[in-house]
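J.:
Chains as they are written, first to last, in the numbering used here: chain E, 4 to 301; chain H, 56 to 309.
#1: Under 8 Å between beta-carbons, which chain H residues line up against residue 105(E)? List them in chain order, please.
#2: With residue 114(H) and residue 226(H) assumed to form a contact (beta carbons below 8 Å), what rounded beta-carbon distance in angstroms separates them?
#3: Hey, would you say residue 250(E) sits closer than 8 Å to residue 281(E), going by beta carbons?
#4: Does DSSP classify residue 219(H) as helix, strand or coil?
#5: Is there contact here, the segment 245-265 of chain H with the segment 227-237 of chain H, by at least three beta-carbon pairs under 8 Å?
#6: Where are the alpha helix (DSSP H) runs, 4 residues long or more, that stay fully inside the segment 267-302 of chain H, in chain order?
#7: Within the segment 55-109 of chain E, note down every full alpha helix (DSSP H) run reaching 4 residues or more, in order along the chain.
#8: Return the Cβ separation of residue 162(E) and residue 74(E) in integer angstroms, given the expectation that the two are a contact with Cβ distance under 8 Å.
#9: Taking the alpha helix (DSSP H) that residue 192(E) belongs to, which residues open and close that run?
#10: Mind reading off the beta-carbon distance from residue 146(E) to residue 167(E)? Whole number of angstroms is fine, and I expect it under 8 Å.
#11: Would you identify the three-state DSSP class for residue 122(H), choosing helix, strand or coil?
#12: What is the DSSP secondary structure of residue 145(H), reduced to helix, strand or coil?
#13: Using a Cβ-Cβ distance under 8 Å, would residue 89(H) count as near chain E?
#14: Check the Cβ-Cβ distances between residue 221(E) and every residue of chain H, and say whether any is below 8 Å.
#15: Using the DSSP secondary-structure output, state which residues sit across from residue 84(H) in a beta bridge.
#16: In whole angstroms, give me the CA-to-CA distance for residue 103(H) and residue 122(H).
#17: Ignore the nearest five residues each way along the sequence and tell me which others in residue 169(H)'s own chain have a CB closer than 8 Å to its CB.
#18: In the DSSP output, which residue or residues are listed as bridge partners for residue 256(H)?
#19: Check residue 131(H) in the structure and name its three-state DSSP category.
#20: List the DSSP bridge partners of residue 91(H).
#21: Have a look at 32(E), 120(E), 181(E) and 216(E) and flag the residue whose alpha-carbon is nearest the alpha-carbon of residue 230(E).
#22: Using the Cα positions of residue 129(H) and residue 165(H), report the straight-line distance between them to the nearest angstrom.
#23: Strictly under 8 Å for the Cβ-Cβ distance: is residue 172(H) near chain E by that measure?
#24: Could you tell me the distance, in whole angstroms, from the CA atom of residue 91(E) to the CA atom of residue 102(E)?
#25: Among the candidates 272(H), 67(H) and 281(H), whose CA atom is the shortest distance from the CA of residue 288(H)?
#26: Check whether the Cβ atoms of residue 69(H) and residue 89(H) sit closer than 8 Å, and answer yes or no.
#27: Compute the Euclidean distance between the alpha carbons of residue 58(H) and residue 222(H), then round it to the nearest angstrom.
#28: By Cβ distance below 7 Å, which residues in the same chain neighbour residue 282(H) in space, the five residues on each side in sequence not counted?
#29: Residue 158(H) to residue 226(E), Cα distance in whole Å?
#30: Any residues in the segment 201-218 of chain H with a beta carbon nearer than 9 Å to a beta carbon of chain E? Which ones, in chain order?
#31: Please list the residues of the segment 185-211 of chain E that have a C-beta atom closer than 7 Å to any C-beta atom in chain H, keeping them in chain order.
#32: Grab me the residues of residue 124(H)'s own chain with a C-beta within less than 6 Å of its C-beta, minus the 5 sequence neighbours each way, in chain order.
#33: Which residues, taken in chain order from the segment 18-29 of chain E, show a beta carbon closer than 9 Å to some beta carbon of chain H?
#34: Could you check whether residue 219(E) and residue 156(H) sit closer than 8 Å to each other, using their CB atoms as the reference points?
#35: Under three-state DSSP, which class holds residue 52(E)?
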């Protein structure tokens with residue numbers, strides 16, 4: 004184990020050289036297989052055109068499907084994170100309730116979702132959402148009869164109105180799935196707050212709600228920030244699975260590009276880089292929040 | 056409901072009527088009968104495990120008793136969380152381990168109760184909090200987080216936090232036991248000042264010097280019973296019970 008006091012070595016030792024050589028050799032081998040044995044003909048120049056292109060009539064630059072897919076993935080991830088965080092917080096608090104019923108409900112929900120593969124859950128859940136929930140919510144009617152003002156906002160927040168139902172189905176699927184994991188994280192955070200904090204809060208006359216909101220949750224959140232960041236990054240990556248229920252996000256559109264151009268390596272490597280960039284950016288953001296939170300208590 | 060008033064016209068602050076409490080099979084409080092009047096300063100001492108902390112934790116319902124009645128300002132303690140929150144607003148509590156909120160500054164620790172429980176405005180609550188931090192002599196630490204304060208300073212913030220609720224009675228649960236020796240005096244000074252101001256206080260402590268200076272009644276508890284309750288002079292010089300004498304011999308020799 005590395006304790007906080009162990010010095011991390013910055014100099015290069017013999018073992019580091021060996022590892023580096025091995026890594027380079029492996030890279031060279033893969034390159035050799037692809038280049039010589041597979042005789043793969045690399046061509047990257049078609050890609051930018053699928054990301055952003057010039058409109059033939061107006062001459063202005065407009066997003067093409069990969070960029071649209073990227074933005075859809077970001078929208079999908081953003082709204083699912085918010086919804087999953089809210090649902091997860093509620094379920095997590097229910098898990099720690101002193102009453103049996105909320106505890107039981109939350110437990111059953113978490114166990115059902117944790118023990119089913121995401122794709123299977125999405126297939127089942129999506130069938131219900133698209134056939135029952137969406138008509139009940141009247142999303143497609145709403146999308147068709149929007150005022151121009153509404154349409155502008157909906158386009159910014161959710162993308163093209165004609166795909167509104169599609170995107171919202173994806174958001175709901177993802178959020179309900181990830182909420183189960185977030186609930187467990189929230190529960191662990193709440194249980195990590197010492198019982199003396201509850202006593203101190205009660206002693207100054209706080210109601211149960213105020214106690215939870217002003218004393219327990221802020222401390223629980225500080226403790227769960229690292230696993231929460233992890234879960235949000237997982238959420239972004241899991242969002243690629245909803246391409247299989249025809250949600251038109253980055254992986255779905257990447258697939259279309261890969262198939263229509265037959266440039267599988269280039270397309271998927273590019274898509275992978277895009278995922279990496281958003282996930283890594285989120286990790287950096289959470290790292291910043293963590294440092295800020297812990298430094299504020301010094 | 057108005058506070059119960061006895062024949063002498065004194066306010067009865069806290070009453071215990073044949074209170075019994077068990078932790079599982081362990082009988083921790085046995086037939087406790089107790090009257091504490093407004094302005095009284097009671098020190099409770101006794102060996103560890105004698106039930107002294109449990110007794111004061113019952114007063115603001117951090118512990119439930121199973122038999123008998125406890126009345127705070129005439130109100131019977133029960134299971135209603137809303138009623139309990141109302142009673143806790145009148146009963147301040149200071150803990151052995153301070154239990155400050157680590158995510159809030161000293162000032163915010165003090166304003167949380169007044170804002171959330173009493174519905175005060177932030178500005179009003181801050182004014183009150185600054186006054187109380189002044190009273191416990193650490194106004195300059197208002198914007199620091201608990202981790203940045205010494206044990207003695209943390210305990211004084213905890214006292215200020217309770218005082219901000221303007222309680223009618225203050226409970227102290229071994230407030231100096233977790234402190235380094237050089238910090239005990241600053242906390243005791245704060246408590247003496249509080250006693251001089253006429254606050255009703257119930258204090259579990261082994262600080263016998265403090266008890267002599269401040270208390271008007273000293274209670275000795277052993278094995279869940281109140282063995283002796285007397286004015287300091289009588290308590291230290293001619294206690295009725297042999298057990299009290301033995302306890303005093305043990306703690307006063309050292």
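Idealized CB from N, CA, C, for every residue including glycine.
T.: Working from what's here:
#1: Those within 8 Å of residue 105(E) in chain H number zero; the least Cβ separation is about 16 Å.
#2: Separation of the CB atoms of residue 114(H) and residue 226(H) is rounded to 6 Å, and the pair is thereby assigned contact status at 8 Å.
#3: For the pair residue 250(E) and residue 281(E), the CB atoms are not nearer than the 8 Å cut-off.
#4: Annotated three-state conformation of residue 219(H) is coil, per DSSP.
#5: With a cut-off of 8 Å on Cβ pairs, the segment 245-265 of chain H is in contact with the segment 227-237 of chain H, counting three or more such pairs.
#6: If we require 4 residues or more, the alpha helix (DSSP H) runs fully inside the segment 267-302 of chain H come out as 287-292.
#7: Listed in chain order, the alpha helix (DSSP H) elements of length 4 or more contained wholly in the segment 55-109 of chain E are 68-98.
#8: Contact holds; Cβ gap of about 7 Å.
#9: Counting along the chain, the alpha helix (DSSP H) containing residue 192(E) begins and ends at 167-195.
#10: Between residue 146(E) and residue 167(E) the beta-carbon gap is near 4 Å, inside 8 Å, which marks them as a contact.
#11: Residue state, collapsed to three classes: strand.
#12: Collapsing the DSSP output to three states places residue 145(H) in a helix.
#13: Not one chain E Cβ lies under 8 Å of residue 89(H).
#14: By this cut-off, residue 221(E) is an interface position.
#15: Partner(s): 76(H).
#16: If you take the alpha carbons of residue 103(H) and residue 122(H), they lie about 23 Å apart.
#17: Taken in chain order, the residues that qualify are 175, 179, 180, 183, 184, 219 and 220.
#18: Residue 256(H) is bridged to 96(H) and 225(H).
#19: The answer is strand: DSSP assigns residue 131(H) an E or B state.
#20: 69(H), per the DSSP bridge assignment.
#21: Among 32(E), 120(E), 181(E) and 216(E), the Cα nearest to that of residue 230(E) is on 181(E).
#22: Straight-line Cα distance between these residues: approximately 27 Å.
#23: Answer yes: the Cβ-Cβ gap between residue 172(H) and chain E drops below 8 Å somewhere.
#24: Using only the alpha carbons, I get a separation of about 18 Å.
#25: Of the listed residues, the one whose Cα sits closest to residue 288(H) is 272(H).
#26: Taking a C-beta distance under 8 Å as the contact criterion, residue 69(H) and residue 89(H) qualify as a contact pair.
#27: Because residue 58(H) sits at a pLDDT of 42, beneath the cut-off of 50, its placement in the model cannot be relied upon, and the following sentence gives the value as read from the coordinates. A direct Cα-to-Cα measurement between residue 58(H) and residue 222(H) gives close to 14 Å.
#28: Cβ neighbours of residue 282(H) beyond the five flanking positions: 275, 276, 296, 298 and 299.
#29: Each residue's alpha carbon lies about 11 Å from the other.
#30: Here the close residues are 201, 202, 203, 213, 216 and 217.
#31: The segment 185-211 of chain E vs chain H, Cβ under 7 Å: 199, 200, 202, 203, 205, 206, 207, 208, 209, 210 and 211.
#32: Exclusion of the five residues before and after residue 124(H) leaves 72 and 131 as the residues of its chain whose Cβ lies within less than 6 Å of its Cβ.
#33: Those would be none; no residue qualifies.
#34: Not in contact: residue 156(H) and residue 219(E) (Cβ atoms no closer than 8 Å).
#35: Residue 52(E): helix per DSSP, three-state reduction.
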